[in-house]
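**Student:**
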Amino acid sequence: MNYSVSEDVLRATTKCAHDFSCLTTGKCGNLMQCKVDKRFDKNMLYIENGKDKAGVSCPYKVSYGSSHGHICTCPTHYTVYFQNEGYAAGQPS
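Residue numbers (numbering that gives the first Met the number 0): 0 to 92.
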């Protein structure tokens, strides 16, 4: 799997600690990417509230209320999700 995003999006993704591994491996470092429940506005994805990633620290993961889940604000994650209709894996958009 190789995803491509524009240079502008990559430059906007200033906090990636995994050298954009998501573009070639589909993973965020050595972990699976957060599962997206739905997308909101530009660069905002609502992440499924799962126990497997609950404690994972990410500079783009923002808590959405006390028990409602998280929002992902990563420009690259959003672009890949949006362009590939939920990674072409049947995830809702």
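For each residue, glycine too, the CB sits at the ideal point set by N, CA and C.
Ordered along the chain, which non-local residues of its own chain (more than five positions away) have a Cβ less than 8 Å from that of Cys-21?
**Tutor:** Tyr-2, Cys-27, Gln-32, Thr-75, His-76 and Val-79
**Student:** Using the Cβ count rule (16 or more neighbours within 10 Å means buried), how would you classify Thr-145?
**Tutor:** No answer is possible for residue 145: it lies beyond the span of the chain, which begins at 0 and ends at 92.
**Student:** So what's Tyr-77 in DSSP terms, helix, strand or just coil?
**Tutor:** Three-state DSSP puts Tyr-77 in a helix.
**Student:** Identify, in the order they occur along the chain, each residue of the same chain with its Cβ nearer than 7 Å to the Cβ of Ala-87, setting aside the five sequence neighbours on each side.
**Tutor:** Confidence is the limiting factor: at Ala-87 the pLDDT is only 49, short of 50, which leaves the residue's position unreliable, though a coordinate-based value still follows. There are no such residues.
**Student:** Pick out whichever of Asn-29, Ser-5, Val-4 and Glu-6 has its Cα sitting closest to the Cα of Ala-16.
**Tutor:** The shortest C-alpha separation from Ala-16 is found at Asn-29.
**Student:** Can the beta-carbon of Gly-25 be found closer than 9 Å to that of Glu-47?
**Tutor:** no
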